[in-house]
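Taking my numbering, the leading residue of the sequence shown gets 192, the next gets one more, and so forth. Even glycine gets a Cβ: it sits at the ideal position worked out from N, Cα and C.
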Amino acid sequence: MENPGARKKPKTFYFIALFVIVVAGSYGLVYGVRNWTAQEQAKKLPNPVPATTDNVSAGKTIYENHCVQCHGTNGDGKGQKADQLSVEPGNFTEAGKMEGLTDGQLYWQITKGRNPMPSFEEKLQPNERWQAVDYIRTFAAAPWHQMPPNSADPKQR
């Protein structure tokens, strides 16, 4: 038996709730597809900042000011804040992993960030982000004297 004092929720309430869910889901889907497309396009970005001594040195300073707390002094992902994060920071010393990433991808990751890593799009100029990429490459780079003759420079991927 129905309680005569109980009010039924109007159908418009359910319609609005369903509408909000559909819009939020659509937004997430569009964002995900756009984000994936941007990552794919970033793979092809050439690094316009050559890995000169000056640029790598500038990249080191940027890394020390913005990245070392999480990624560590050695680029191994074991910075002093690493244990406090919800996601393990990237380990730049893993040569196989780093060889699979283009400079454009690293630049895009620095630019856009990904929780818990912040975006550096507003904090660093584009050339500074590229310099950071040049420095990050040094963590996994083979010593020059061990590289075979005529091999490609790993920093110019």
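- Put simply, the backbone Cα of N306 is about 11 Å away from that of Q300.
- DSSP places R328 in the uninterrupted alpha helix (DSSP H) bounded by P317 to R328.
- Setting aside the 5 residues that flank it on each side, E279 is surrounded in the same chain by G268 and A273, each with a C-beta closer than 8 Å to its C-beta; the list follows chain order.
- Exposed is the label assigned to L209, since fewer than 16 other Cβ atoms lie within 10 Å of its Cβ.
- Relative to L292, the option among N265, K202, R328 and K303 whose CA is nearest is R328.
- Scanning T244, Y254, Q296 and G281 for the CA closest to the CA of K235 turns up Q296.
- Residue nearest to Q322 within the set T302, G287 and K288 is T302 (criterion: CA-CA distance).
- Rounded to whole angstroms, the separation of the alpha carbons of N238 and G270 is 27 Å.
- Distance from the Cα of A233 is smallest, within the candidate group F311, Y298 and L315, for Y298.
- For M308, the pairing in a beta bridge is given by DSSP as R305.
- Nearest C-alpha to A286 among F330, E312 and T203: F330.
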